[in-house]
Amino acid sequence: EKAKIIKGYQRLGYLLDNWDKETTFCGTQIDPFSGKQVCEKTPLVVQDYMGYKSINDPLFKADKTLKRLEPLVPVSRSGEYLDAIEQWATTADEASGMAYTSSWAGPQNPNGGDDSIAYFLDRSKQQVVT
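Just so we're on the same page, my numbering is the position in the sequence shown counted from 1, plus 48.
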């Protein structure tokens with residue numbers, strides 16, 4: 049189980065190092081006015097990396113996995129460890145929520161647009177960094 053957490057952590061590092069590449073999809077659509085390729089933000093990929101999309105993901109229910117690993121932690125640091133698990137659960141939920149909100153903030157919704165998507169996607173990234 050420890051290996052799963054390490055793998056998930058490494059995947060989060062990859063996501064952060066490649067944020068724009070991983071959260072942007074450039075399809076085959078061409079803007080008729082500019083002639084440029086149309087790219088869209090794909091915020092739900094954050095949920096993939098955070099373990100919210102598949103039971104096979106190394107971070108799926110990571111808080112429960114981390115609790116099972118508690119015996120590996122020195123007794124003197126047990127309180128800090130449990131606090132860190134709580135922080136992880138809160139932060140992961142917030143990152144997932146911001147990614148979901150960002151996915152619905154596009155121009156098809158009132159007051160939505162690329163700026164709204166970018167705003168909520170940035171908030172999601174801040175939670176992943178935390």
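Think of the CB as a built atom: it goes at the ideal place given N, C-alpha and C, for glycine as much as any other residue.
Every value quoted in this text rests on a predicted model; they were computed, and no experiment measured them.
Query raised in the report: Measuring CA to CA, which of N159, W152 and M146 is closest to D170?
Result: M146
Requested in this report: Could you tell me which residues DSSP pairs with T72 in its beta bridges?
Outcome: K89
Query raised in the report: Is I53 near T113, with beta carbons less than 8 Å apart?
Result: yes
Report task. Between the Cα of Q175 and those of K89, V94, S82 and F81, spot the shortest distance and give me the residue it belongs to. Result -> V94
**Report entry** Backbone CA spacing between G160 and T90 [nearest angstrom]
**Finding:** 15 Å
Query raised in the report: I133 by DSSP, collapsed to three states: which one?
Result: helix
Query raised in the report: Going by other Cβ atoms of all chains shown within 10 Å of its Cβ, with 16 needed for buried, is A110 buried or exposed?
Result: buried
**Report entry** Counted within 10 angstroms of its Cβ, other Cβ atoms place D105 as buried (16 or more) or exposed
**Finding:** buried
**Report entry** C-beta contact flag for L60 and Y100 at 8 Å
**Finding:** no
Requested in this report: Measuring alpha carbon to alpha carbon, tell me which of S124, L117, L92 and D79 ends up nearest I133.
Outcome: L117
Report task. Find the nearest neighbour of C87 within the set C74, D79 and P80, judged by alpha-carbon distance. Result -> C74
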